[in-house]
Amino acid sequence: MKRRVAILISGRGSNMAALIEAAKAGDFPAEIAVVISNRADAAGLDRARANGVATEIVESKPFGKDRAAFEKVLEESLARHRAELICLGGFMRLFTAEFVQRWHGRMLNIHPSLLPSFPGLDPHGQALKAGVKISGATVHFVIPETDAGPIVMQGAVPVHDDDTAEALSQRILSVEHRIYPEALRLLASGRLRLEGDLCKIAGGAGSGEPLISPLAR
Ligand code: GAR
């Protein structure tokens, strides 16, 4: 049985699209049951509909600071679509600790940096300011702290001297689109095991190829 996944978005939804695409494969262990946006103007909604995926809008703005009230309506939507797992794809709304606890071990997020470096806003600008030579993207389980939690998968890219935040974000985005479906595949097929703050992967192995940047010639 394929695991039923809800993708939560707030914007363009390119990670959402990568997950929808991956889930089209017959042997993918998850199906996208619904895409839920907290903004009616999220571009990703049209993309989801064009792929025949059910969409829902649960506007967060009317709830103001009352996050619990927003989450109650969100939970109803998740239940209606019998969601078993959640993937956050650029979902720009913080959850209460209670909501996170209810979905412990069942909710993934993607962030465009090699966590724990550069959590929060403008991770690309943060990476450029720090002068790192390698950055990347991280898929992790969600915990109450923002952009933290057991790391499932990471992908790395070189950072160039003349990079802008936009150029770096595009390079990282292509890695995001590769690792998010793979991380969901691992979760949905039961290959992930949480050990405290760590996530262990049954039969997991890195590519073995070091990424060195810059290359001295
Ligand atoms: C992605 O780069 C994602 O990693 C980032 O928002 C973007 C959403 O793009 N998420 C965060 O920064 C979470 N802290 P998308 O809507 O095209 O997937």
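Sequential numbering of the sequence shown, starting at -11, is according to my numbering. Where is the CB? At the ideal position from N, CA and C, for every residue including glycine.
- DSSP places alanine 190 outside both helix and strand once states are collapsed to three, so it counts as coil.
- Using a cutoff of 6 Å, the CB of arginine 0 counts as near the ligand GAR, since one of the ligand's heavy atoms is closer than that.
- Bounds of any beta strand (DSSP E) do not take in phenylalanine 87; it lies within the alpha helix (DSSP H) bounded by 85 to 90.
- Taking each of Arg94, Ala30, Phe83 in turn and checking the Cα distance to histidine 128, the smallest one comes out for Arg94.
- Uninterrupted beta strand (DSSP E) stretches at least 3 residues long and entirely within the stretch -10 to 58 occur at -9 to -3, 18 to 25, 43 to 45, given in chain order.
- For alanine 21, the number of other beta carbons within 10 angstroms of its own is at least 16, and it is reported as buried.
- Taking alanine 42 as the centre and dropping the five residues before and after it, the same chain places the C-beta of Val22 closer than 6 Å to its C-beta, in chain order.
- Cβ neighbours of proline 169 within its own chain (closer than 7 Å, five residues either side excluded): Ala6, Leu7, Ala10.
- With a contact defined as Cβ atoms closer than 8 Å, isoleucine 24 and leucine 76 miss out at about 10 Å.
- Close CB contacts of glutamate 44 within its chain, under the 7 Å cut and outside five residues either way in sequence, are with Val22, Ile24, Ser65 (chain order).
- When the beta-carbon positions are compared, asparagine 97 and valine 145 stay at least 7 Å from each other.
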